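Colleague: I have a structure here, written as structure tokens, and I will follow up with some questions on it.
Protein chains: 4
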Amino acid sequence: MIVIMEVGATQSQVANVATHVQAMGLSAHIIEGQERTIVAVVGDERSEVDRDVLTALEGVERMMPVLAPYKIAGREVHPANTVIALGSLTLGEQKVMIAVGPRAVETREQYLTTAKQLQRLGVDALLGSLFGSRESPYVREGMGGDGLDVLVEAHNLTDLPVITEVDEPEGVAAAARFADVLLINGHSMQNYALLKAVGQSQHTAILKRGAFNTMEELLMAAEYILSYGNRRVVLCESGIRTSDAYTRNTTFDVNAVAVLKSKTHLPIVVDVGRAAGRTDLVAAIAGGAVAAGADGLLLEIEDDPDAAARPITERHRLNLAELEILLRTLKRIAGAVNRTL
Amino acid sequence: MIVIMEVGATQSQVANVATHVQAMGLSAHIIEGQERTIVAVVGDERSEVDRDVLTALEGVERMMPVLAPYKIAGREVHPANTVIALGSLTLGEQKVMIAVGPRAVETREQYLTTAKQLQRLGVDALLGSLFGSRESPYVREGMGGDGLDVLVEAHNLTDLPVITEVDEPEGVAAAARFADVLLINGHSMQNYALLKAVGQSQHTAILKRGAFNTMEELLMAAEYILSYGNRRVVLCESGIRTSDAYTRNTTFDVNAVAVLKSKTHLPIVVDVGRAAGRTDLVAAIAGGAVAAGADGLLLEIEDDPDAAARPITERHRLNLAELEILLRTLKRIAGAVNRTL
Amino acid sequence: MIVIMEVGATQSQVANVATHVQAMGLSAHIIEGQERTIVAVVGDERSEVDRDVLTALEGVERMMPVLAPYKIAGREVHPANTVIALGSLTLGEQKVMIAVGPRAVETREQYLTTAKQLQRLGVDALLGSLFGSRESPYVREGMGGDGLDVLVEAHNLTDLPVITEVDEPEGVAAAARFADVLLINGHSMQNYALLKAVGQSQHTAILKRGAFNTMEELLMAAEYILSYGNRRVVLCESGIRTSDAYTRNTTFDVNAVAVLKSKTHLPIVVDVGRAAGRTDLVAAIAGGAVAAGADGLLLEIEDDPDAAARPITERHRLNLAELEILLRTLKRIAGAVNRTL
Amino acid sequence: MIVIMEVGATQSQVANVATHVQAMGLSAHIIEGQERTIVAVVGDERSEVDRDVLTALEGVERMMPVLAPYKIAGREVHPANTVIALGSLTLGEQKVMIAVGPRAVETREQYLTTAKQLQRLGVDALLGSLFGSRESPYVREGMGGDGLDVLVEAHNLTDLPVITEVDEPEGVAAAARFADVLLINGHSMQNYALLKAVGQSQHTAILKRGAFNTMEELLMAAEYILSYGNRRVVLCESGIRTSDAYTRNTTFDVNAVAVLKSKTHLPIVVDVGRAAGRTDLVAAIAGGAVAAGADGLLLEIEDDPDAAARPITERHRLNLAELEILLRTLKRIAGAVNRTL
């Protein structure tokens, strides 16, 4: 931690800062610059209390932290990549995970058929959302809790790991019993009771960045889960919000993948989603994500056979044939950056 | 709902849209412009299903909703202001509610002393946060659930309504038994299980906008609570995130108060918070909020007597004497815009 | 400047940084922390060159500047407030400047009539925009360069200082001859040739922050003007862009006024503009600005007498009677925070 | 244009809107919904005047434009792609343009050597910035206007088109004489005098989106150039600003490429820049851009041979060998999406 003194701070104010620092059991190094004096504090700076006291001292202008506020999630303490075994895949190594599913599990038959088709295409994991979007109280999607059995059936049928979302602490135990991976959506990223329950579950979790949250907030949310002893945490980039009204104010933050990779040892995946049915956007986001070093992709597919038969312009999601073409493109992009698919 | 056809859409494509609209039990009005044709749909447009089908039809470029997606929260259906009785105050009328409390309830004695002092200053409600900030798993603030009794004592001692935060669905019943108003923080704004529990509780709730959420998202979150029959909902503006690194990337969105007032009949309050101990910012935000038509203010106070005795530059929050001066200033600002304090 | 070494940087890498620092004629202080080593550099850090070389050395993770990149604009070197005499007003002292004008100067007669009326209301300065908005190549507003004479007439008629915008370097000399203050709009904030011409003119200039620029960028743009020897620079806050689609994605950044006040000694004014004809927003922004410590306000008025006679709901701008009421309200708000109007 | 009436608007208010619409020579279609009435206006809606008058009528809540405000730049009127011959390349067809250069032209010898090397690598165009960054008045980069001759020499030596930036209207004529393409930087995107000069020059221009501007603002800026008869306009995506402090608050908006492609017929290129010397980011951005349909890439290279010999961790920009590897990767990515490099 660096304490920056005000211009014109007196020697006794500087000395007072040093005294407070030493009283906390830390050591202080005073450095006089041409315009300002700074005090470098050596010790564990991840305690908010110290900071409040020091900032409040006379002559202190502000503090500059040297260390990241997250400890277990950061590369500072754990430089080596975390890898997580998931089915036959090791997430965080050379192979890029491809996880695919419909927007929501609507019926048993439909989901099992889709699962079987996806298995044949060679995907690594199944997405099994039981609730879909919850943006409006007037729209219901998915089978809800009744669909948990279907997830087990899909797993047994395909031998693929199944990923399902958790939205509240009480749902964690059931989801962990019926599915292989828990997905925490962006709007739940700072649901601390949920993070605690997932942390205690020791189950593999994918934590999605909220459309409006910073990377540091994502890493602090991961730190919550990690701090309860669960080290099977995967970070997920999704759309970020921009000032632009097109495409619902969001874009994919391609830089974030590479920046997160340098900050944390946890695997990073990218939720490509439906990207508004635009195959051009899906390819762009997925391609950019793989090129940027993403360890996996989450993709949506149209599972209603009637809908899937309509022309691309009449659908929001890829159909099976389009997915197959996309995977072939992605395989070539992955190869171009020395990854496999 | 307006359906905008692509440039060059054919007559049969337009007719097909009209057919689909009529099949949904709605009526369609075709209007041919110089460059584009549009189809105006008359009926209840708050159903997502219709929109998905129509957008997907050939020749359709996009949809423009005419009605807001929230119904109970909007002024479209309920033009008159909602007013909520809270202690001796009627929130949503001429008097501006002043609710004050420390950052967190740390000890029984300290909180009761502060409550008594605030009562003498004439505030309308007490803030009683039992948890404080939860941004880091390494920082603990407040008494937690053990402090619920203290909230009741404070209420009995002062006869003032007490406001406390709820973070998870299971906490709602207890909080509703011990406190008068439930506060939903910004990071919980889209915790749908929590919104449901608060909706079912029928207890007065203050719903804070997340630092990164849009006003429409805030109104949709309110709609969740309202849709469970709880009409005692108050909206709360707090800081919004900007691209600027100063002041932790946030500013108070003064325009939002007036805009929300025009969109919804619910009362609007503003969380001024500690505003980093800068009395100039507290006065600016509070003054702007009152001038913009806010129905109430939430303010933080330094409750540790040792800390409160230090000079303003060494504190993050106002002390009692500074609060008294601020309230006098705000009373004059309120008077200037025909409100009372 | 603080150089932060990577975790695991070797002693020889640290020594190499120190050697490079000393070779630049600066001194280096090495501080070994528990997780990281830092090197504090003492000397003039406002030179980009040093930073590039140091960042590129092996073992260096990043640099943290201690000093602001602007020197003349900052309070670090010039702690006392800059005050600027403008007509009978001293900008930057207790009186809040009120500058008013129409959206654009449309005809000689109309503008002179408006100027006379504004003088009677007691405003401190006249806004005389000759071009209005330029957002679309298909919309023309204002008299353009032909109106320069009218500005002089308005000044002679009212004895009030006149403020007019400059958009290109070649326009600076003429504007400086015919008007008292040059206004640089937000979209010209980083037009460096214009900043240079204004800097060389030695004329009083108001520099508006772009809706999307940071405060640091505003201060660096001011530094350009100041570095050419022109010290008569006033900063102007206007709307900032948010992620919200209401109110054209902008809000007034009330915090910025107080934050800028602490960073710079230059006077700060606020462009309240037309705020979409909403008197509630005008009052909120103006009231918040005055409460936050703004040294002046720029306001728009409806100058077409036919339009001004229509009900408020049919206008975008205040009429004269409404302005008079607003000024009375603002006078009371200013009094509440110990300013005068 | 759709006029949305307030809830509760009277029949005579609706009729009044229709009368005003007809008085403008347009036709009005009244559609009564369940909650609101709307009036669809048929005619040329790109005139701001109409909108102001209509919005101001009693009973009108707001207007929803149906057509984009830009006409020449939009696909609505010109559906076919614009292609621009540039050297041996046709920009806007299958081949992706690769334009490379140093951060700034520092000396004649260095730039000519670099140009020769780039020619051997098979790039399509040379970047020749004479000024570099202008963010600080204390930092000077590049040869300035003295370097114009060098650009001609580089062109003659390599037979490659040369791209150079223009910052002010007076510089356009000289730049157009010495270089093949004019580059308008993001901070000049709304410099209307510059846009006019470039429009009148009839020279090929690349217009960069400001880090904080919306896509609509970019298209309106392009409309300025186009409206002066210059149809050789290329749009350029660069970083957009986010709320995140990492990577200097910017990210590449990969969605924007595909969205712009659907809105406009103009070619779109992407300024990958130096991306902070991180080859992972350069590859991610470039790969995503190509996958998204970009027609070209602008890349920076280290041209100082001493600097270029240092390890990658000690440089901000790629060296020649790394560029060669990147181009090979990009060729494979381009192939994966049916483009060539």
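Residue numbers (numbering that gives the first Met the number 0), protein chains in the order written: chain S, 0 to 340; chain F, 0 to 340; chain Y, 0 to 340; chain P, 0 to 340.
All C-beta atoms, glycine included, are put in the ideal place defined by N, C-alpha and C.
Keep in mind it's a predicted model, so treat the numbers as computed, not measured.
Can you confirm whether H77(F), when its beta carbon is compared against all beta carbons of chain P, has any partner nearer than 7 angstroms?
Modeller: As a first step, residue 77(F) must be located in the second sequence, where it is residue number 78. No, no contact with chain P.
Colleague: CB N80(Y) to CB L280(F), shorter than 7 angstroms?
Modeller: In the third sequence, counting from the first residue as 1, residue 80(Y) sits at position 81. In the second sequence, counting from the first residue as 1, residue 280(F) sits at position 281. Going by C-beta atoms, N80(Y) is not nearer than 7 angstroms to L280(F).
Colleague: Relative to the C-alpha of Q12(S), which residue among T54(S), P68(S), V268(S), G58(S) is closest?
Modeller: By one-based count along the first sequence, residue 12(S) stands at place 13. Comparing Cα-Cα distances from Q12(S) to each of T54(S), P68(S), V268(S), G58(S), the minimum goes to G58(S).
Colleague: Quick check on L265(S): does DSSP put it in helix, strand or coil?
Modeller: Numbered from 1 along the first sequence, position 266 holds the residue referred to as residue 265(S). Reduced to three states, the DSSP call for L265(S) is coil.
Colleague: Does the segment 59-74 of chain F come close enough to the segment 94-109 of chain F to have 3 or more Cβ pairs within less than 8 angstroms?
Modeller: no
Colleague: Within the 7 angstroms Cβ cut-off, does E34(F) reach chain P?
Modeller: Here residue 34(F) refers to the residue found at position 35 when the second sequence is read from its first residue. At least one chain P Cβ lies under 7 angstroms of E34(F).
Colleague: Looking at the structure shown, is S182(Y) part of a helix, part of a strand, or coil, going by DSSP?
Modeller: Locating residue 182(Y) in the third sequence gives position 183, counting from the first residue. For the sequence presented, residue 182(Y) should be read as Leu rather than Ser. Looking at L182(Y) - three-state DSSP - the assignment turns out to be strand.
Colleague: Since R331(F) is in the beta strand (DSSP E), which residue starts that stretch and which ends it?
Modeller: Position 332 of the second sequence holds residue 331(F). Here R331(F) belongs to no beta strand (DSSP E); instead the alpha helix (DSSP H) covers 319-335.
Colleague: Rounded to a whole number of angstroms, what is the C-alpha to C-alpha distance between V122(F) and R119(Y)?
Modeller: In the second sequence, the residue the question calls residue 122(F) occupies position 123. In the third sequence, the residue the question calls residue 119(Y) occupies position 120. So the alpha carbons of these two residues sit roughly 42 angstroms apart.
Colleague: Could you tell me if V271(Y) is buried or exposed, where buried requires 16 or more neighbouring beta carbons within 10 angstroms of its beta carbon?
Modeller: Position 272 of the third sequence, counting from 1, holds the residue named residue 271(Y). V271(Y) should be labelled buried.
Colleague: Going by alpha carbons, who is nearest to V366(P) out of G287(S), S226(S), R231(S)?
Modeller: Here chain P comprises residues numbered 0 to 340, so residue 366(P) is not present and cannot be evaluated.
Colleague: Can you find the residues in the same chain that come closer than 6 angstroms, C-beta to C-beta, to L318(Y), ignoring five residues on each side of it along the sequence?
Modeller: One-based indexing of the third sequence puts residue 318(Y) at position 319. The question names Leu, but residue 318(Y) is Asn in the sequence shown. Answer for N318(Y): E301, A307, listed in chain order.
Colleague: Which runs of the alpha helix (DSSP H) spanning at least 4 residues fall entirely within the segment 74-155 of chain F, listed in chain order?
Modeller: The segment 74-155 of chain F contains these whole alpha helix (DSSP H) runs: 107-120.
Colleague: I want to see whether chain S comes within less than 7 angstroms of E299(Y), judged by CB atoms only; does it?
Modeller: The sequence position of residue 299(Y) within the third sequence is 300, counting from 1. Cβ-Cβ to chain S under 7 angstroms: no for E299(Y).
Colleague: Applying a beta-carbon distance threshold of less than 7 angstroms, which residues of chain S neighbour L280(P)?
Modeller: To locate residue 280(P), count along the fourth sequence from 1; it is residue 281. What L280(P) touches in chain S: N254, A257.
Colleague: Who are the near neighbours of I30(F) in its chain, counting only those whose CB is closer than 6 angstroms to its CB and skipping five residues on each side?
Modeller: On the second sequence, residue 30(F) is found 31 positions in, with the first residue counted as 1. These residues qualify, in order along the chain: I37.
Colleague: Rounded to a whole number of angstroms, what is the C-alpha to C-alpha distance between M96(F) and A72(S)?
Modeller: Within the second sequence, residue 96(F) is the residue found at index 97, counting from 1. Within the first sequence, residue 72(S) is the residue found at index 73, counting from 1. Distance between the alpha carbons of M96(F) and A72(S): 43 angstroms.
Colleague: Determine whether the beta carbon atoms of E75(P) and V82(P) lie at a separation below 7 angstroms.
Modeller: Here residue 75(P) is taken as the residue at index 76 of the fourth sequence, counted from 1. Here residue 82(P) is taken as the residue at index 83 of the fourth sequence, counted from 1. Result no, Cβ atoms of E75(P) and V82(P) do not sit closer than 7 angstroms.
Colleague: Please tell me whether Q109(F) has its Cβ less than 7 angstroms away from any Cβ of chain S.
Modeller: Residue 109(F) sits at position 110 when you count from the first residue of the second sequence. Closer than 7 angstroms: no.
Colleague: Do the segment 146-155 of chain P and the segment 194-201 of chain P make contact, defined as three or more Cβ pairs closer than 8 angstroms?
Modeller: no
Colleague: How many whole angstroms separate the CB atoms of V2(S) and V52(S), which I take to be in contact at a CB cut-off of 8 angstroms?
Modeller: Residue numbering aside, residue 2(S) sits at position 3 when the first sequence is read from its first letter. Residue numbering aside, residue 52(S) sits at position 53 when the first sequence is read from its first letter. The pair is not a contact, with the Cβ atoms about 11 angstroms apart (cut-off 8 angstroms).
Colleague: Checking the sheet assignment: what are the DSSP bridge partners for E216(Y)?
Modeller: To locate residue 216(Y), count along the third sequence from 1; it is residue 217. Note: E216(Y) sits in no beta bridge, so no partner.
Colleague: Name the two residues that bound the continuous alpha helix (DSSP H) containing V20(F).
Modeller: Residue numbering aside, residue 20(F) sits at position 21 when the second sequence is read from its first letter. 10-22 is the extent of the alpha helix (DSSP H) around V20(F).
Colleague: Excluding five sequence neighbours on each side, which residues of the same chain lie with their C-beta closer than 6 angstroms to the C-beta of F303(P)?
Modeller: Here residue 303(P) refers to the residue found at position 304 of the fourth sequence. Note on identity: in this sequence residue 303(P) is Asp, with Phe being the wrong assignment. So no residue of the chain qualifies.
Colleague: How would you list, in chain order, the residues of chain Y whose beta-carbon sits under 9 angstroms from the beta-carbon of V16(S)?
Modeller: Reading the first sequence from its first residue, position 17 is the one you call residue 16(S). None at all; the shortest Cβ gap to chain Y is about 15 angstroms.
Colleague: So, are the CB atoms of A290(S) and A282(P) less than 7 angstroms apart?
Modeller: Translated into the one-based positions of the first sequence, residue 290(S) becomes position 291. Translated into the one-based positions of the fourth sequence, residue 282(P) becomes position 283. Result yes, Cβ atoms of A290(S) and A282(P) sit closer than 7 angstroms.
Colleague: At what residues does the beta strand (DSSP E) containing K207(Y) begin and finish?
Modeller: What you label residue 207(Y) is simply residue 208 of the third sequence in a count that begins at 1. K207(Y) -> beta strand (DSSP E) spans 204-207.
Colleague: Whose CA, out of G292(S), L88(S), Q10(S), lies closest to the CA of D179(S)?
Modeller: Counting from 1 along the first sequence, the entry for residue 179(S) is found at position 180. Among G292(S), L88(S), Q10(S), the Cα nearest to that of D179(S) is on L88(S).
Colleague: If you check the beta carbons only, do A174(F) and T163(F) fall under 7 angstroms apart?
Modeller: Counted from its first residue, the second sequence places residue 174(F) at position 175. Counted from its first residue, the second sequence places residue 163(F) at position 164. Closer than 7 angstroms, so yes.
Colleague: Using DSSP bridges, identify the partner residues of F355(F).
Modeller: It is not possible to answer for residue 355(F), since the shown part of chain F is limited to 0 through 340.
Colleague: Check whether chain P comes within 7 angstroms of R61(S), counting only Cβ atoms and requiring the distance to be less than that.
Modeller: For this step, residue 61(S) is matched to residue 62 along the first sequence. Cβ-Cβ to chain P under 7 angstroms: no for R61(S).
Colleague: I need the boundaries of the beta strand (DSSP E) containing V171(Y), first residue and last residue.
Modeller: Numbered from 1 along the third sequence, position 172 holds the residue referred to as residue 171(Y). It is not in any beta strand (DSSP E) - V171(Y) instead sits in the alpha helix (DSSP H) that spans 170-177.
Colleague: Thinking C-beta only, is Q189(S) closer than 7 angstroms to N229(S)?
Modeller: Within the first sequence, the letter at position 230 stands for residue 229(S). Within the first sequence, the letter at position 190 stands for residue 189(S). Against a cut-off of 7 angstroms, the Cβ pair of Q189(S) and N229(S) comes out as no contact.
Colleague: Using a Cβ-Cβ cutoff of less than 7 angstroms, which residues in the same chain neighbour A8(Y) once the five nearest sequence positions on both sides are dropped?
Modeller: Taking the first residue of the third sequence as position 1, residue 8(Y) is located at position 9. Only T36, G58 meet the Cβ criterion.
Colleague: In three-state terms, what does DSSP make of L298(F)?
Modeller: Counting from 1 along the second sequence, the entry for residue 298(F) is found at position 299. When secondary structure is reduced to three states using DSSP, L298(F) falls in the strand class.
Colleague: Determine the extent of the alpha helix (DSSP H) in which V197(P) is found, giving its start and end residues.
Modeller: For this step, residue 197(P) is matched to residue 198 along the fourth sequence. From DSSP, the alpha helix (DSSP H) with V197(P) extends over 191-200.
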